[in-house]
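Written below as structure tokens is the structure these notes are about.
In the working numbering, the protein residues as written are 95 to 424.
Put into structure tokens, the structure is as follows:
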């Protein structure tokens with residue numbers, strides 16, 4: 095076993111140390127677990143938090159640094175200043191661990207001194223433990239993370255501050271004739287990674303061209319929800335992307351309004367991924383190739399998928415329709 099699970103789901107005794115799981119906070123890219131730890135014969139219970147980052151892929155580095163930056167800041171915010179040192183590990187305690195420590199140090203250095211020195215920071219870490227920041231890809235990722243942190247700053251704020259901060263952000267600076275919210279959006283556009291042709295290789299396959307509404311709005315391969323239900327010779331591609339919510343990975347599937355030739359694929363997607371809700375934010379417009387893709391009554395068959403109308407309810411600006419969907423080929 096490369097990496098064993100060393101914490102309990104309830105209570106576990108490790109020789110003379112008792113560890114009890116108190117709380118688990120699940121988020122899209124990390125988990126925070128709180129434990130009560132006590133040693134036999136000592137009347138003291140210590141509360142220990144484990145911050146478990148789950149957003150690092152098996153190979154390479156995260157696609158963007160935003161999630162890890164938020165994670166590092168969360169660890170810093172929830173670690174008491176008078177506490178002992180942080181215990182940090184990955185599998186070998188080298189590559190990812192080195193990335194975390196360098197980012198932590200550079201965030202502090204940038205805030206206190208207004209400068210960063212990634213090269214010498216890594217060199218110093220390597221004098222204490224071999225292979226800290228293991229690969230060139232990790233070294234580049236650290237630079238991306240610190241660049242994003244320096245350009246964007248910490249944009250998080252408490253919910254109670256939103257109204258007042260938003261008011262201030264909309265104030266126009268007479269010298270620049272711009273507002274903070276406009277500048278923040280410009281910065282966002284500047285730091286957003288640009289998708290390359292090789293990132294969207296599946297969407298760009300000749301057999302999938304007709305499934306894309308716009309050739310400049312393509313999903314990257316790494317986010318694709320592949321269709322599972324077989325429909326003749328149709329490919330398993332749909333112009334859609336899996337997105338995380340705040341607390342759950344792949345909580346959303348973002349897609350285009352079905353084209354006349356992709357309605358079957360749309361319902362395959364709904365069936366294959368056990369979707370129980372569809373949120374529609376546009377109007378039906380056949381002239382713009384946005385057809386009505388659902389039945390108003392009875393049953394419509396789309397390849398192997400049958401969609402049956404059950405009911406409809408109108409409440410102010412919302413129409414709620416209920417359908418029954420199943421694979422008739424099974």
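Ideal Cβ positions, reconstructed from N, Cα and C, are used throughout, including at glycine. These numbers were taken from a predicted model, which means no experiment stands behind them.
Output yes or no for whether 8 angstroms exceeds the beta carbon distance between residue i and residue j.
i           : j           : result
residue 235 : residue 193 : yes
residue 166 : residue 211 : no
residue 101 : residue 147 : no
residue 313 : residue 297 : yes
residue 400 : residue 422 : yes
residue 149 : residue 156 : yes
residue 336 : residue 281 : no
residue 258 : residue 302 : no
residue 264 : residue 252 : no
residue 431 : residue 224 : Residue 431 falls outside the range modelled here, since the chain spans only 95 to 424, and no answer is possible.
residue 348 : residue 334 : yes
residue 364 : residue 372 : yes
residue 295 : residue 315 : yes
How long is the line joining the alpha carbons of residue i and residue j, rounded to whole angstroms?
i           : j           : result
residue 362 : residue 410 : 30 angstroms
residue 107 : residue 113 : 6 angstroms
residue 332 : residue 390 : 25 angstroms
residue 95  : residue 111 : Unreliable positioning characterises residue 95 in this predicted model, as indicated by a pLDDT of 48, which lies under 50. The coordinate reading is nonetheless provided below. Taking the straight line from one Cα to the other gives about 23 angstroms.
residue 218 : residue 144 : 26 angstroms
residue 359 : residue 285 : 33 angstroms
residue 134 : residue 105 : 14 angstroms
residue 222 : residue 229 : 17 angstroms
residue 353 : residue 304 : 9 angstroms
residue 119 : residue 168 : 13 angstroms
residue 398 : residue 181 : 54 angstroms
residue 292 : residue 151 : 19 angstroms
residue 214 : residue 189 : 16 angstroms
residue 387 : residue 357 : 6 angstroms
residue 405 : residue 394 : 15 angstroms
residue 158 : residue 141 : 32 angstroms
residue 368 : residue 300 : 29 angstroms
residue 321 : residue 350 : 15 angstroms
residue 139 : residue 174 : 17 angstroms
residue 403 : residue 384 : 20 angstroms
residue 209 : residue 170 : 20 angstroms
residue 97  : residue 109 : 20 angstroms
residue 123 : residue 392 : 42 angstroms
residue 289 : residue 366 : 27 angstroms
residue 103 : residue 131 : 14 angstroms
residue 255 : residue 247 : 17 angstroms
residue 250 : residue 283 : 18 angstroms
residue 375 : residue 191 : 43 angstroms
residue 117 : residue 271 : 49 angstroms
residue 277 : residue 121 : 29 angstroms
Exposed or buried, what is residue i when buried is set at 16 or more other beta-carbons lying within 10 Å of its beta-carbon?
i           : result
residue 162 : buried
residue 227 : buried
residue 70  : Residue coverage of the chain in this structure runs from 95 to 424, which leaves residue 70 outside it and unanswerable.
residue 261 : exposed
residue 306 : buried
residue 408 : exposed
residue 153 : exposed
residue 324 : exposed
residue 420 : exposed
residue 137 : exposed
residue 99  : exposed
residue 179 : exposed
residue 232 : buried
Looking at the ligand ZN, does it come within less than 7 angstroms of residue i, judged from the CB to the closest heavy atom?
i           : result
residue 218 : What this structure holds is no ligand at all, so the ligand ZN is not there to describe.
request  = Determine, using beta-carbon pairs with one atom in the region 329-345 and one in the region 411-418, whether at least three such pairs fall under 8 angstroms.
outcome  = no
Continuous alpha helix (DSSP H) assignments of at least 4 residues falling wholly in the region 255-288 = 256-263, 274-285
key: Every unbroken beta strand (DSSP E) within the region 338-372, with a cutoff of 3 residues, ordered by chain   = Here the runs fully enclosed are 346-349.
request  = Count the C-beta pairs between the region 240-249 and the region 200-209 that are closer than 8 angstroms, then say yes if the count reaches three, no if not.
outcome  = yes
task = Scan the region 373-408 and note each continuous beta strand (DSSP E) run of 3 residues or more that stays entirely inside, going in chain order.
result = 393-396, all fully within the region 373-408.
request  = Return the chain-ordered ranges of every beta strand (DSSP E) run that is complete within the region 117-194 and spans a minimum of 3 residues.
outcome  = 124-133, 139-147
ask   = At what residue ranges does the region 299-344 contain a whole run of the alpha helix (DSSP H), taking only runs of 4 or more?
value = none
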